[in-house]
Amino acid sequence: MALLDGKHVLLGITGGIAAYKCAELVRGLRRAGAEVRVVMTAAAERFVTPTTLQALSGNPVRSSLWDEAAEAAMSHIELARWADVVLVAPASADALARFAGGQANDLLSTLCLATEAPVHLAPAMNRVMWANAATQANVAALRARGFRIHGPGSGEQACGETGEGRMLEPEQLIDALAGHAGPWQGRHLLITAGPTYEDLDPVRFLGNRSSGKMGFALAEAAMAKGAQVTLVAGPVMLQTPAGVRRIDVRTAVQMHEAVMAELAGIDTFIAAAAVADYRPKTVSAGKIKKSDADASLDLERTPDILAAVSASPLRPKRVVGFAAETEHLDQYAQEKMRNKNLDAIAANVVGMPGSGFESSHNALTVFTRGGRHAIPLATKRQAADALLDILLEQLP
Ligand code: PMT
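This is the structure in structure tokens:
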């Protein structure tokens, strides 16, 4: 069976240079089994012609609310009902502002207001326009209202600059749409990943060996199973999985702040990060000079993010921890589960090559309130898939 077999995809195209990728997007959507109808804004028609998209989609392309013949064939309300899913790609800064404002001043914005289907947006614009506070506020408002935002990606831009603002590639968008039909559809996951770094001075820090691979694999697997995913990542060298919203942090305090600010509307929180338990009591403004004498560090506790989430009035339905242990795996993991009032904990042995920290593989022992579940050594992506399946089965 193809990824989007029989799905009615309404593709909205707004004005941006990335509109040229829509020809490939329409072909890919049809190859994935979808029936595609295209709606273009007036600005989009300056970048790509309706004739091309009509030929590729096999359906007439609509652009005006006032086209009597087209309205007689299928009114805009019927079109809004026809869609199983709406994808706006590229979604320009102007389109985001109009959707966020709830405007209905052209066919596409009217459809986005009139449809009950999930609306997916693939923003594409110059990096400064994307970073602008107005655009970011519009994106936050849209996200809070249930719009799914995919990307943008980062890289070379048509304007010659480099940065965040590129539309995701057609295959990534198709995968994201296909994923949204999965078992985690409609659920928003918040995941932490990677280490935290606790600065001693401008050149030194306390860190750990976490690569972020386990948390990123969970984010990728959750996306593929249809979830909306926000990933709070410590300093890691990993690519953001397509469609995942990523917030970069450095320290435990920053990770705590980012997580608590994102809790509203979260269904499941998974703490895969290796958060520093202690940080230096003071951070030296200048590089600490060496001397002949021995030195010692004064450390203070960092906030326990997992415990704070579990105790929050905004506590997600499922709060899931990890336990990294070198011995007494089952006992220590269950103690952490009890002490932090968790719904589940995934325990892994660390300190050995081939699993745990840094490796691309892992073996997990998962404790839920219903029992103990072993996930044998597998790739971290496979282990992530298995963990998500257990969570949904045990905590539906
Ligand atoms: O990143 P990788 O290289 O892929 O490695 C994966 C991993 C080994 C880091 C991962 O599988 C893992 O075990 N993550 C948790 C590591 C850890 O810090 O475990 P812990 O037993 O010390 O902490 C228990 C739980 O509390 C964890 O969910 C941790 O995220 C959370 N915690 C801990 C301290 C703190 N201040 N705040 C927290 O939220």
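For the sequence shown, the working numbering assigns the number 1 to the initial residue and increments by one for each residue that follows. From the three backbone atoms N, C-alpha and C, an ideal C-beta is built for every residue, glycine too.
Asked                                                                                                                      : Found
Closest residue to L25 among R143, G356 and L56 (Cα-Cα distance)                                                           : L56
Contact under 9 Å by Cβ, G12 with T41                                                                                      : yes
Per DSSP, the bridge partner or partners of V39                                                                            : G12 and R62
Cβ shell of A378 (< 8 Å), same chain only, five flanking positions each side left out                                      : H361, N362, A363 and A386
Cβ neighbour criterion (16 or more within 10 Å) applied to H328                                                            : exposed
Entirely enclosed beta strand (DSSP E) segments - the segment 293 to 364, minimum 3 residues                               : 299 to 301, 318 to 325 and 344 to 349
Continuous alpha helix (DSSP H) stretch holding I174: start and end                                                        : P170 to G179
Classification of K287 by the beta-carbon crowding that lies within 10 angstroms, buried from 16 upward                    : exposed
Straight-line gap, A93 to G234 (C-alpha atoms, nearest Å)                                                                  : 29 Å
Distance, S109 Cα to E45 Cα                                                                                                : 16 Å
Supposed contact pair L107 and Y62 - C-beta distance, whole angstroms, cut 8 Å                                             : Note that residue 62 is Arg in the sequence shown, not Tyr. Right, the Cβ-Cβ distance comes to about 6 Å (below 8 Å), so this counts as a contact.
Own chain, CB closer than 6 Å to L238, minus 5 neighbours either side, in chain order                                      : G212 and F216
Check: L306 C-beta below 8 Å from any heavy atom of ligand 1                                                               : yes
Straight-line Cα distance separating W130 from Q136                                                                        : 7 Å
DSSP-derived helix/strand/coil call for V236                                                                               : coil
Option in S359, E198 and G16 with minimal Cα separation from D277                                                          : E198
Ligand 1 heavy atom lying under 8 Å from the CB of T41                                                                     : no
Heavy atom of ligand 2 within 8 Å of A323 beta-carbon                                                                      : Among the ligands in the structure shown, ligand 2 does not appear; only ligand 1 can be found there.
C-alpha distance - P396 paired with K340, whole-angstrom precision                                                         : 21 Å
Unbroken alpha helix (DSSP H) run spanning S211, endpoints                                                                 : It is not in any alpha helix (DSSP H) - S211 carries neither H nor E in the DSSP assignment.
First and last residue of the uninterrupted beta strand (DSSP E) at D94                                                    : Careful: D94 lies outside any beta strand (DSSP E), inside the alpha helix (DSSP H) at A93 to A100.
Residues near S154 in its chain [Cβ-Cβ closer than 7 Å; skip 5 each side]                                                  : G163, E164 and R166
Pick from V283, E71, N126 and G28 that is closest to L206, judged by C-alpha positions                                     : V283
S57 Cβ short of 8 Å to ligand 1 heavy atom set                                                                             : no
Proximity of T115 and A80 at Cβ, strictly below 9 Å                                                                        : yes
As assigned by DSSP and simplified to three states, the class of A242                                                      : coil
Proximity test, N348 beta-carbon vs ligand 1 heavy atom, cut-off 8 Å                                                       : yes
Beta-carbon proximity check, R143 vs R245, cutoff 9 Å                                                                      : yes
Three-way DSSP call (helix, strand, coil) for H373 in this model                                                           : strand
Distance cut-off 8 Å: S211 Cβ against heavy atoms of ligand 1                                                              : yes
Within 9 Å, strictly: CB atoms of L306 and A264                                                                            : no
Element boundaries [alpha helix (DSSP H), containing G420]                                                                 : Coverage of the chain is limited to positions 1 through 396, which leaves residue 420 absent and any answer about it impossible.
Cross-strand partners of Q228 (DSSP beta bridge)                                                                           : H188
K340 Cβ short of 8 Å to ligand 1 heavy atom set                                                                            : yes
Where D298 falls, given that 16 or more other Cβ within 10 Å makes a residue buried                                        : exposed
Beta-carbon contacts of V119 that lie in its chain and below 6 Å, excluding the five residues immediately before and after : V86, C112 and F147
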